[in-house]
Amino acid sequence: MHDPDCLFCKIVRGQIPSKKVYEDEDVFAFHDIHPAAPVHFLMVPKAHVHSMAGVTEVHAALLGKMMVLAPRLALEQGCNPYPDGGYRIVVNTGTEGGQEVHHLHLHVMGGPRPWLKG
Ligand code: 5GP
Ligand code: ZN
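Residue 6 in our numbering sits at position 5 of the sequence shown; the count goes up by one each step and never skips.
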């Protein structure tokens, strides 16, 4: 299922170009166009889900798969290993949660500091 007006649905379908990191039948990952860290990519379900606020039991396996995949892709993309390396996995949700693109996505951000304040 896709939303023809959704930016990330268009990226998943190749209608808008992106720098692909990973793809399988359920998940698509690509570099963020405005990286906030030396490594910054986004992971999205191929099927349109607007946000974490749209998640139900039917998405449990998909989200589990994405969370299992994220550490592997983080290392493949150049994040340093835990515990001295690491990365942030962030899911902005809704306007007050800082979400700008309303297709559920995980930000995976890492690489050598300083890029993370605090
Ligand atoms: P949000 O604020 O919704 O959590 O994050 C949206 C992210 O999508 C931002 O980090 C932004 O840089 C990224 N983004 C927005 N438009 C595009 C685009 O056309 N291509 C790519 N690769 N990233 C985008
Ligand atoms: Zn979408």
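Each residue gets a CB set at the ideal place from its N, CA and C atoms; glycine is no exception.
For D25, the Cβ stays outside the 7 angstroms cut-off from all heavy atoms of the ligand ZN. Taking F29 as reference, the option from I12, I17, H35 with the minimal CA-CA separation is I12. Note on the segment 11–44: whole beta strand (DSSP E) runs with a minimum of 3 residues are 21–24, 28–32, in chain order.
Assigned with DSSP and collapsed to three states, H60 falls in helix. Contact between H41 and M110 holds: their C-beta atoms lie close to 5 angstroms from each other, under 8 angstroms. In this structure, L107 and A71 form a Cβ contact; the two beta carbons are roughly 6 angstroms apart against a cut-off of 8 angstroms.
Chain order is used for the residues whose beta-carbon lies nearer than 7 angstroms to a heavy atom of the ligand ZN, namely H3, D4, C7, F9, C10, H49, H104. If you look at Y83, you'll find it isn't in any beta strand (DSSP E); DSSP assigns it neither H nor E. Sorting K66, H51, P18, D85 by C-alpha distance to the C-alpha of T96 places H51 at the top.
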